[in-house]
Every structure is written in structure tokens, then in C-alpha cells.
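In what follows, a structure is listed as C-alpha cells, so that the remarks can point back to it.
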Amino acid sequence: MLERTLAILKPDCVRKNLQGEVIARIQKAGFKILGMKQLRLTKETAGAFYAVHKGRPFYDGLVEFMSSGPCMPVALQKENAVADFRTLIGATDPKDAADGTVRKLFADNKGENIVHGSDSPENGKIEVAFFFSERELV
Ligand code: IDP
Ligand code: MG
Numbered sequence: 711m712l713e714r715t716l717a718i719l720k721p722d723c724v725r726k727n728l729q730g731e732v733i734a735r736i737q738k739a740g741f742k743i744l745g746m747k748q749l750r751l752t753k754e755t756a757g758a759f760y761a762v763h764k765g766r767p768f769y770d771g772l773v774e775f776m777s778s779g780p781c782m783p784v785a786l787q788k789e790n791a792v793a794d795f796r797t798l799i800g801a802t803d804p805k806d807a808a809d810g811t812v813r814k815l816f817a818d819n820k821g822e823n824i825v826h827g828s829d830s831p832e833n834g835k836i837e838v839a840f841f842f843s844e845r846e847l848v
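Following the numbering used here, the residues of the sequence shown are numbered contiguously, the last one being 848.
If you want it as C-alpha cells, here you go:
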């Protein structure tokens with residue numbers, strides 16, 4: 711199935727100047743970039759994006775981190791995009807991530823883990839629409 715997934719190059723990725731490194735890996739893995747932008751999330755917007763995690767012990771820190779500096783949402787399309795993107799980035803905690811994955815290579819810890827990836831095709835659509843209007847997707 712041709713799917714959409716949302717990547718976010720998180721504030722740690724931008725701070726470390728790793729945007730190009732990560733985008734290159736995404737492109738080499740065969741993803742088509744439909745849209746890309748840079749913005750700084752407010753706490754309110756970061757909280758809304760991660761609303762599913764509200765109440766978890768890491769939620770406040772996650773909102774703080776995601777609003778701490780610029781990030782880059784990237785709308786991606788590919789056959790099997792959601793699962794393939796999660797394979798490319800690796801497990802949430804870089805300690806558990808497979809060798810060669812983006813998080814294993816670049817992430818410092820489970821919270822500051824360089825990149826977001828949608829967790830289902832349905833959420834892929836919802837999360838792409840969170841950041842991009844249809845006319846921004848080409
Ligand atoms: P995912 O990004 O691999 O899908 P989720 O469980 O959906 O992982 O968590 C969303 C984000 O929340 C993670 O990417 C990470 O930044 C943060 N997070 C998740 N679990 C923890 C934790 O136990 N400690 C600190 N931060 C966490
Ligand atoms: Mg998730």
C-alpha cells in the first residue's frame with residue numbers, strides 16, 4: 711500500500727546540524743518527500759501533537775523538549791512507508807535501536823531521539839495533516 715508517514719526532525723537534530731544527514735538517509739531508503747518545513751512548536755502545539763501521551767511520566771519533558779527550538783516536519787510517501795520508516799529510525803531508545811539506524815547513530819537518549827515517525831498508516835495521514843495542507847503536498 712502506498713502510504714504517508716510524518717517524520718519530524720526534532721530540535722536535537724536541528725541543534726546538532728544533522729538535518730542533511732537524516733534527510734539523505736530518508737531519500738536513500740526510497741521515500742518521496744511530499745512536503746518539508748521548519749518551525750518552532752509552541753508548548754501548546756507540541757502538547758496537542760503528543761496528546762496521546764498526556765499523563766505519562768515523560769509527557770511534560772517531551773513537550774518542553776519539542777518546543778525548545780526549531781524542528782522540521784517532513785511529509786513522506788512510499789509503499790509501506792510507516793513500517794519502513796520505523797525500521798529506518800530504529801527503536802525509541804537508542805540503546806535498543808539496531809545498528810545503522812538513525813536513532814542508534816545520532817540520538818543521545820530515549821527522550822532526545824532525533825526523529826519522530828508515525829506509528830500507523832491512519833496516524834500517518836492524521837499527522838501529515840497536522841502540519842501540512844493538501845496544497846503543500848506535492
Ligand atoms: P516513538 O517516537 O518511537 O513512536 P513513543 O512511545 O510514541 O515513541 O514516544 C514518543 C516520544 O516520547 C519518543 O520519541 C520520545 O521522544 C519520548 N519518550 C517516550 N518514552 C520516553 C521515556 O521513557 N523517557 C523519555 N522520553 C520518552
Ligand atoms: Mg510514537
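All C-beta atoms, glycine included, are put in the ideal place defined by N, C-alpha and C. Since this is a predicted model, take the numbers as computed values, not measurements.
Beta-bridge pairing of residue i - partner residues as DSSP gives them
i	result
Leu786	Thr715 and Ile743
Leu798	DSSP output for Leu798 lists no bridge partner at all.
Leu749	Cys781
His763	Answer is none; His763 lacks a bridge partner.
Val825	Leu719
Cutoff 8 Å; reference residue i; Cβ partners in own chain excluding five residues on either side
i	result
Gly821	Phe768, Gly771, Leu772 and Phe775
Exposure of residue i, with buried meaning 16 or more beta-carbon neighbours within 10 Å
i	result
Asp809	exposed
Glu846	exposed
Lys720	buried
Asn823	buried
Gly800	buried
Arg735	buried
Ala758	exposed
Residues of its chain near residue i, where Cβ-Cβ distance is below 6 Å and the 5 sequence neighbours each way are ignored
i	result
Phe795	Thr715 and Gly827
Pro831	Glu713 and Val792
Ser756	Looking at the sequence itself, residue 756 is Ala, so the reference to Ser does not match. Contacts found: Val773, Met776 and Ser777.
Cβ neighbours of residue i in the same chain (closer than 7 Å, five flanking residues each side left out)
i	result
Gly834	Glu713, Arg714, Thr715, Leu716, Ala791, Val792 and Ser828
Ser778	Pro721
- Query: Does the region 737 to 749 come close enough to the region 803 to 819 to have 3 or more Cβ pairs within less than 8 Å?
  - Reply: Counting Cβ pairs under 8 Å, fewer than three are found: no touch.
- How about the region 810 to 818 and the region 777 to 791: do they share at least three Cβ pairs that are nearer than 8 Å? Output reads no: the region 777 to 791 does not touch the region 810 to 818.
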